[in-house]
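J.: Would you mind keeping the following structure in view while I ask a few things?
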Amino acid sequence: MVYPKVVLPAHSPFLNHFGFFPFRHSHCDGVNLTCEACQEPGGLVVPPTDAPVSSTTPYVEDTPEPPLHNFYCSKLLDLVFLLDGSYRLSEAEFEVLKAFVVGTMERLHISQKRIRVAVVEYHDGSHAYLELRARKRPSELRRIASQIKYVGSQLASTSEVLKYTLFQIFGKIDRPEASRVILLLTASQEPQRMARYFTRYLQGFKKKKVILIPVGIGPHANLKQIRLIEKQAPENKAFLLSGVDELEQRRDEIINYLCDLAPEAPAPTKPPQVAHITVSPGISGVSSPGPKRKSLVLDVVFVLEASDEVGEANFNKSKEFLEEVIQRMDVSPAGTHIAVLQYSYTVNVEYTFKEAQSKEDVLRHVREIRYQGGNRTNTGQALQYLSEHSFSPSQGDREQAPNLVYMVTGNPASDEIRRLPGDIQVVPIGVGSRANLQELERISRPIAPIFIQDFETLPREAPDLVLRTCCSKEGLQLPTLPPLP
């Protein structure tokens, strides 16, 4: 049995208890409500929508595309992006929103066996650009996402797009082993009349174990709805941004949170040739629960920003982080050697490779470091100094040991940063909202920098990430960069 196509007055009394008709497709033009047939009674209910883009490129799962970044989430996850298509975002701002979505997709292991993605742009209706079951190459999926059209409508109904997602995207759970997450990118408020069943849809997601993460963008985001979403489940963490410019700064933090919600993929029957990073940025990653120490011959320089902007309290948190990392490293004359710099307007050498390289000696000197302060953040000068001096034989650098730098900074550079020689790998650790994401990515390319929410959490969260990059079970795999011209 199928329902016929019918046309009813827009204010018809024949609504069910959810406030909509039991028809597959409907469209209201303000006078009439046009509904098209479901395949059987009780069919799914959706807001107005266009069909997803059809497949154009066959995708063979056995020949996956390599990841574009070392910061790489490879878990079991169904992820839905919901993009606000209202006029509250200008066309230029909507382009930034799309770039955030594409940049996030670049850092996911997209596959029907790992992370599936759907992308929906919403306004008074919903336009699905990508479905979870779309069998396309990740590059093709990103291309489609980058070509989403700007609508700039007078409203963007959060309730309507949540209804669409609940009944259409998660109407049938075909991967119960995977986490189900919605990233709601919202910058506007819907009219109260359209939010009548908002709470019911949230309850529907809770019943289906779908996690809803709202990202409120700008001053017009609906904080009341965002707080209501948060109350539904502890996993429904909100991210509040002052504008689209913060999206890139917070991207890795958001990806980290998404990735932590998902279970690990089953171990392959055949060991993979490349170990994938599951939640953390780094040079080489492993999917084990935590880093394991291994005796490694490394020359490691730790560089700590000590500007006035950082302040003494936060600088002391950087020292706590440094102590924790060194405590867990294999520091010894025959193993890892440590040097320490602090910088602001000038560079202060706190410890060199030619000094005693026992763990006890290094830790004692780290505890004695005093905050210098300074009215500039001359990151370029600090990197140039370590390139010319710290990694030199006169300062105790060993010719055969890989050269690695961990730089803790919370502010944009005050000076020009030049690319270092190819035998020095820098892993920046950006702390807080003022850390310049693009700047740090240029410094660390081709790997990804580490980002930490604030200095308070630096000693707790950063050591594991650092140890995964330098001292994991598989050891260090430093990429070789071409030398400077």
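Position one of the sequence shown corresponds to residue 4 (my numbering), numbered consecutively onward. Virtual Cβ for every residue (Gly too), placed ideally from N, Cα, C.
Taking the runs of the beta strand (DSSP E) that are 3 residues or longer, which of them lie wholly in the stretch 70-118?
T.: 80-87
J.: Just how far apart, CA to CA, sit Val34 and Asp127?
T.: Caution is warranted here: a pLDDT of 37 is assigned to Val34, below 50, making its placement in the model unreliable, and the coordinate value is therefore given only provisionally. Using only the alpha carbons, I get a separation of about 16 Å.
J.: Going by CA-CA distance only, name the one from Pro396, Pro466, Phe208 and Pro269 that's closest to Ile176.
T.: Restricting attention to Pro396, Pro466, Phe208 and Pro269, the CA atom closest to the CA of Ile176 is found in Phe208.
J.: By the three-class DSSP mapping on this structure, what secondary structure does Ser347 have?
T.: coil
J.: Evaluate Arg490 with the Cβ neighbour count: other Cβ atoms within 10 Å of its Cβ, from every protein chain shown; 16 or more gives buried, anything less gives exposed.
T.: This structure gives no information on residue 490, because the portion of the chain shown stretches from 4 to 488.
J.: Report yes if the C-beta distance between Gly399 and Thr355 is below 8 Å; otherwise report no.
T.: yes
J.: Measure from the alpha carbon of Gln171 to the alpha carbon of each residue in Glu134, Ala198 and Ser182, then state which is nearest.
T.: Glu134
J.: Just the C-alpha distance for Glu402 and Pro396, rounded to the nearest angstrom, thanks.
T.: 8 Å
J.: Please confirm whether Ile427 and Phe394 have their CB atoms less than 8 Å apart.
T.: yes
J.: Is DSSP giving Tyr125 helix, strand or coil here?
T.: strand
J.: Should Gln441 be labelled buried (16 or more other beta-carbon atoms within 10 Å of its own) or exposed?
T.: exposed
J.: What does DSSP give as the partner residues of Thr189 in its beta bridges?
T.: Gly219
J.: Run through DSSP, which three-state label would Gln398 get?
T.: helix
J.: Rounded to whole angstroms, what's the CA-CA distance from Ser321 to Leu299? Just pull it up for me.
T.: 24 Å
J.: What is the rounded straight-line gap between the Cα of Gln387 and the Cα of Gln375?
T.: 19 Å
J.: So, with DSSP's three-state summary, where would you put Ser156?
T.: Here Ser156 carries a strand assignment [DSSP, helix/strand/coil].
J.: Buried or exposed: which applies to Asn259, given that a residue is buried once 16 or more other Cβ atoms fall within 10 Å of its Cβ?
T.: buried
J.: Short of 7 Å in beta carbon distance, which residues of its chain neighbour Pro217, apart from the five on each side in sequence? Order them along the chain.
T.: Beyond the five residues adjoining it in sequence on each side, Pro217 comes within less than 7 Å, by CB distance, of Leu187, Thr189, Ile229, Ile232 and Ala241 in the same chain, given in chain order.
J.: How would you label Gly425, buried or exposed, when you count the other beta carbons within 10 angstroms and need 16 or more for buried?
T.: exposed
J.: In or out: Asn378 buried (at least 16 other Cβ within 10 Å) or exposed?
T.: exposed
J.: Measuring CB atoms only, is the stretch 137-146 touching the stretch 81-99, in the sense that at least three cross pairs come out at less than 8 Å?
T.: no
J.: Can you say whether Ala309 is buried or exposed, counting buried as having 16 or more other CB atoms within 10 angstroms of its CB?
T.: buried
J.: For Pro237, is the classification buried or exposed, using 16 other Cβ atoms within 10 angstroms of its Cβ as the cut-off for buried?
T.: The residue is exposed, with fewer than 16 neighbouring Cβ atoms inside 10 Å.
J.: Compare the beta carbon distance of Ala121 and Phe324 with 8 Å and say whether it is the shorter of the two.
T.: no
J.: To the nearest angstrom, how far is the alpha carbon of Lys212 from that of Thr382?
T.: Cα-Cα distance, rounded: 45 Å.
J.: Are the Cβ atoms of Glu163 and Tyr125 separated by less than 8 Å?
T.: yes
J.: CA-CA distance, Val369 and Glu326?
T.: Between Val369 and Glu326, the C-alpha separation is close to 7 Å.
J.: Might you give, ordered along the chain, the residues of its own chain that have their beta carbon closer than 6 Å to the beta carbon of Gly435, omitting 5 neighbours on each side?
T.: Gly413 and Asp457
J.: Taking all protein chains shown into account, do 16 or more other C-beta atoms lie within 10 angstroms of the C-beta of Gln157, making it buried, or fewer, making it exposed?
T.: Residue environment: Gln157 is assigned as exposed (fewer than 16 neighbouring CB atoms within 10 Å of its CB, all protein chains considered).
J.: Decide if Val277 is buried, meaning its Cβ has at least 16 other Cβ atoms within 10 Å, or exposed.
T.: Reliability of the predicted coordinates at Val277 is poor, the pLDDT of 34 falling under 50, and no value is obtained from them.
J.: Helix, strand or coil for Arg183, going by three-state DSSP, please let me know.
T.: strand
J.: In chain order, what residues of the same chain lie with their CB nearer than 6 Å to the CB of Val154, ignoring the 5 residues before and after it?
T.: Gly88 and His126
J.: By DSSP, does Thr339 sit in helix, in strand, or in coil?
T.: In the structure shown, Thr339 sits in a strand (DSSP, three-state: E or B).
J.: Given this structure, state the Cα-to-Cα distance separating Pro452 from Phe201, to the nearest angstrom.
T.: 39 Å
J.: Would you report the Cα separation of Asn19 and Gln192, rounded to the nearest angstrom?
T.: Because Asn19 carries a pLDDT of 39, less than 50, the predicted location of this residue cannot be relied on, and the following value inherits that uncertainty. For Asn19 and Gln192, the distance between alpha carbons rounds to 26 Å.
J.: Quick check on Thr59: does DSSP put it in helix, strand or coil?
T.: At Thr59 the pLDDT is 41, less than 50, meaning the model places this residue with poor confidence; the figure from the coordinates comes in the next sentence. Thr59: coil per DSSP, three-state reduction.
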